[in-house]
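Everything on this sheet refers to the single structure shown next.
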Amino acid sequence: MPEELPPEMKESIDEFYLEMSPEIKDLIHGWLYKIVDAAYEGIAELPLEHRDRILMKISKACSDQAKVVLGCHPGMDWEDYKKHMAELKPPFGPRKITQIGDIVHWTYVPPKDKDGRPICQCPLIMFGWMEPRPEVCACSANSVASYIEEYTGREVATVETLGSPMVSGEDECRFLVHLKPVAFSTPKHE
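Take -3 as the starting number for the sequence shown in the working numbering and just add one per residue.
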């Protein structure tokens, strides 16, 4: 694990950055954009098992932060969570969450930009750090699973991305979540 920078070095970096010209700051932001975009491009080229493992780690970090931004509190019960998500204002809501048995259908309709295109909820895309790409939807699917596991107390078996602006071209993000059956369920009848 990398060591923390000493406080005096942190201060000098901040001062150094603040003293940079706007042109240099723009170049640095473009540099960071290219790094993040290239990393996601490389992730997309990995074998599925490795790609999914990396996206799982990214989405874990993202969903932990997103819970704070979304105002989701630890210990919130499932019904309160669904109500809270339905009442969120753009750009992070509202979200429609419906559960029937072991299936949860999750829908988010993102706001549109000035050209009428949906604005992705991923902060890396929202703030222009990378181009929109389908791998981000896999990251979102992992986050959806994380939220559902936390607020239902149930384990998620799989999450399907049914549609999104990047995957299917539709205007909403839709996920179908399969919860793992409870311990005493019966097998499928023939």
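Yeah, the Cβ is synthetic: ideal placement off N, Cα and C, and Gly gets one too.
Can you give the Cα-Cα distance for residue 42 and residue 130, rounded to whole angstroms? To locate residue 42, count along the sequence shown from 1; it is residue 46. To locate residue 130, count along the sequence shown from 1; it is residue 134. Cα to Cα, residue 42 sits roughly 14 Å from residue 130.
Quick one: what does DSSP say residue 74 is sitting in, helix, strand or coil? Position 78 of the sequence shown, counting from 1, holds the residue named residue 74. Residue 74 falls in the helix class under three-state DSSP.
Do you know offhand how far residue 110's Cα is from residue 86's? Looking up residue 110 in the sequence shown gives position 114. Looking up residue 86 in the sequence shown gives position 90. The straight-line gap from Cα to Cα measures roughly 15 Å.
Under 6 Å Cβ to Cβ from residue 103, same chain only, skipping five residues before and after it: list those, please. Numbered from its first residue, the sequence shown carries residue 103 at position 107. Same-chain partners within the cutoff: 92, 168, 170.
Sorted by chain position, which residues of the same chain lie with C-beta nearer than 6 Å to residue 148's C-beta, five sequence neighbours on each side aside? For the purposes of this step, residue 148 is taken as residue 152 along the sequence shown, with counting starting at 1. The answer, listed in chain order, is 74.
Do the region 152 to 163 and the region 75 to 83 meet, that is, are 3 or more Cβ pairs less than 8 Å apart? no
Look at the Cβ atom of residue 133, then the Cβ atom of residue 58, and state whether they are nearer than 8 Å. Looking up residue 133 in the sequence shown gives position 137. Looking up residue 58 in the sequence shown gives position 62. No, Cβ-Cβ distance for residue 133 and residue 58 is not below 8 Å.
Only counting runs of 3 or more residues, tell me where the beta strand (DSSP E) segments fall wholly within the region 101 to 179, in order along the chain. 152 to 159, 169 to 175
Can you tell me the Cα-Cα spacing of residue 83 and residue 139, whole angstroms? If you number the sequence shown from 1, residue 83 lands on position 87. If you number the sequence shown from 1, residue 139 lands on position 143. Distance between the alpha carbons of residue 83 and residue 139 is about 19 Å.
Distance check for residue 151 and residue 40, CA to CA, integer angstroms please. In the sequence shown, residue 40 corresponds to position 44, counting from 1. In the sequence shown, residue 151 corresponds to position 155, counting from 1. About 27 Å.
To the nearest angstrom, how far is it from the Cα of residue 48 to the Cα of residue 20? To locate residue 48, count along the sequence shown from 1; it is residue 52. To locate residue 20, count along the sequence shown from 1; it is residue 24. Cα-Cα distance, rounded: 36 Å.
Kindly indicate which three-state DSSP category residue 21 falls into: helix, strand or coil? To locate residue 21, count along the sequence shown from 1; it is residue 25. Of the three classes helix, strand and coil, the one that applies to residue 21 here is helix, per DSSP.
Taking residue 63 as part of the alpha helix (DSSP H), name the residues at either end of that continuous run. For the purposes of this step, residue 63 is taken as residue 67 along the sequence shown, with counting starting at 1. That run of the alpha helix (DSSP H) goes 44 to 66.
Just reading off the beta strand (DSSP E) that residue 92 is part of, what are its end residues? Your numbering for residue 92 matches position 96 in the sequence shown. Where residue 92 is concerned, the enclosing beta strand (DSSP E) stretches over 91 to 96.
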